[in-house]
Structures are given as structure tokens and as C-alpha cells.
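Read the structure below first, then the notes.
Residue numbers (the working numbering): 11 to 127.
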């Protein structure tokens with residue numbers, strides 16, 4: 011299977027294999043599942059790490075990792091999606107996942123660290 015997010019946009023993932031696109035929400039195959047809270051956001055009034063309550067970007071990434079792990083454990087996101095989300099949360103310190111999407115879209119899509127300078 012190949013992770014194909016380029017064709018569908020950076021914020022939406024599909025797994026493509028021999029049978030076509032796989033279902034993204036693995037937990038829905040076995041009935042309703044509760045979605046863990048805390049990993050949602052908006053592109054308006056985007057906050058930086060400190061207003062979100064974290065003293066460092068490393069603390070932010072630790073919390074992001076924990077929330078993504080909860081979503082994965084609840085089978086609300088696929089492990090491949092969680093791995094890419096975690097990489098994107100760490101691309102451009104001290105920026106958050108959402109700030110990187112908003113301000114460094116090319117790097118976000120390519121999952122490439124932001125240039126420093």
C-alpha cells in the first residue's frame with residue numbers, strides 16, 4: 011500500500027492499494043467509536059506554542075504525540091496517518107502543526123523541514 015496524500019490534499023489521507031482507496035476511519039468498520047478529544051483546530055486565531063500552554067516546542071510535540079497516539083489507539087486514525095501528522099508537527103520549530111500548514115505549506119505537503127535562516 012502507498013500513502014497518497016498529494017492527490018487528495020495535505021490534510022486528508024487515503025491509502026491506495028490493489029483494491030483502491032482504503033477506508034480512512036478504521037474504527038468505523040466495527041461500529042461506532044468515540045473520538046478522543048483535544049486534537050482539533052482551526053486556521054483562524056491560530057495560537058503559538060506558549061498560548062497553548064506549553065513552555066517549549068518539545069513539550070508541544072510530546073503532547074501532540076500523546077493525542078495522536080490516543081486517536082490511533084481508538085482506531086480513529088490509521089497508524090500511517092498518525093506517523094505523518096507527527097512528522098509534520100515537528101517540521102518547523104517553534105511553529106505548531108497548524109502554523110506550519112498556514113505559513114510553510116510547501117514544506118508541510120512535502121513533509122520537509124523548513125529552511126532556517
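Even for Gly, the Cβ is constructed at its ideal location relative to N, Cα and C. Fair warning: this is a prediction, and the values are worked out from it, not measured in the lab.
Checklist entry - By Cβ distance below 6 Å, which residues in the same chain neighbour residue 87 in space, the five residues on each side in sequence not counted? => result 81
Next on the checklist: Residues in the same chain with beta-carbon distance under 7 Å from residue 104, minus the five sequence neighbours each way, listed in chain order, please.
Outcome noted: 59 and 67
Next on the checklist: Rounding to the nearest angstrom, what Cα-Cα distance links residue 100 and residue 85 in this structure?
Outcome noted: 23 Å
Checklist entry - If we ignore side chains and look at the alpha-carbon of each, how far apart do residue 63 and residue 57 end up? => result CA-CA distance, residue 63 to residue 57, rounds to 10 Å.
Checklist entry - Hey, how far is the Cα of residue 77 from the Cα of residue 98? => result 14 Å
Checklist entry - Quick one, which of 109, 75, 94 and 92 has its alpha-carbon nearest residue 55's? => result For residue 55, the nearest C-alpha among the options comes from 109.
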